[in-house]
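A short worksheet on the structure shown next.
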Amino acid sequence: MPEDEAVRRLHAQYAVARSLAESSSLKEAAGRILEAICGALGWDYGGLWQVDPAHGVLRCVETWYAPGLSFPEFEEVTRRLSFAPGIGLPGKVWATREPFYAPDVIDDPKFPRGAAVTRAGLHSALGFPILMGTELIGVIEFFSREIGRPDAELLEMLATVGSQVGQFA
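Each residue of the sequence shown is one higher than the last, beginning at 186 in our numbering.
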């Protein structure tokens, strides 16, 4: 991994830790966490999903997108939908409790937000669990307009961030 990439990843981890330290709740920290990771790692859109235990689904509680960009239809669909384990990107992460990376979600006919993501011009997607011990309490997802390649070190780093956020929550 190039040194500048390693520095960006460390910056993202530090920014997440700072956001958590300066917040009294996950809801309060959510926007700053999404902005920190997207900004440091070059993702265009981020969303934080939390488990709704009464209904057994994940619901989007916060989104963020890069300055100068706007994804109104994709954001509306994201905030309207909920996902059960195994359904959609958040549901896949919930079911496996592992980070998941898709180089181009437009290629996935089973992607529930496919039409909206296509119109938004988003391609690569990444999600990782927020775990409190072994219990999943949420999922963080990111999207990029670029088609990317999976990176095991990035997924490992984000899994660590997910555990850190889970401990805070």
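For glycine and all other residues, C-beta sits at the position ideal for the given N, C-alpha and C.
Taking the alpha helix (DSSP H) that residue i falls in, what are its first and last residues?
i, result
"A337", "337 to 353"
"G231", "Per DSSP, G231 belongs to no alpha helix (DSSP H); it is in the beta strand (DSSP E), 230 to 237."
"L274", "273 to 281"
"R160", "This structure cannot settle anything about residue 160, because the visible part of the chain is limited to 186 through 354."
Which residue comes first and which comes last in the beta strand (DSSP E) that contains residue i?
i, result
"E320", "320 to 329"
"A214", "First-last for A214: 211 to 226, but that is the alpha helix (DSSP H), not the beta strand (DSSP E)."
"R244", "242 to 250"
For the candidate residues the options, whose alpha-carbon lies nearest to that of residue i?
i, options, result
"E258", "L219, A225, L307", "L307"
"Y230", "R304, D292, A310", "A310"
"G312", "E338, R194, I325", "I325"
"A287", "F296, A280, A239", "F296"
Inspect the beta-carbon positions of residue i and residue j and report whether they are closer than 8 Å.
i, j, result
"G276", "P284", "no"
"A225", "A197", "yes"
"F353", "L211", "yes"
"S329", "W228", "yes"
Are the C-beta of residue i and some C-beta of chain B separated by less than 8 Å?
i, result
"W228", "Included in the structure is just one protein chain, with no chain B present."
Can you name the residues that DSSP bridges to residue i?
i, result
"A310", "A287, F328"
"S267", "R244"
"L316", "L321"
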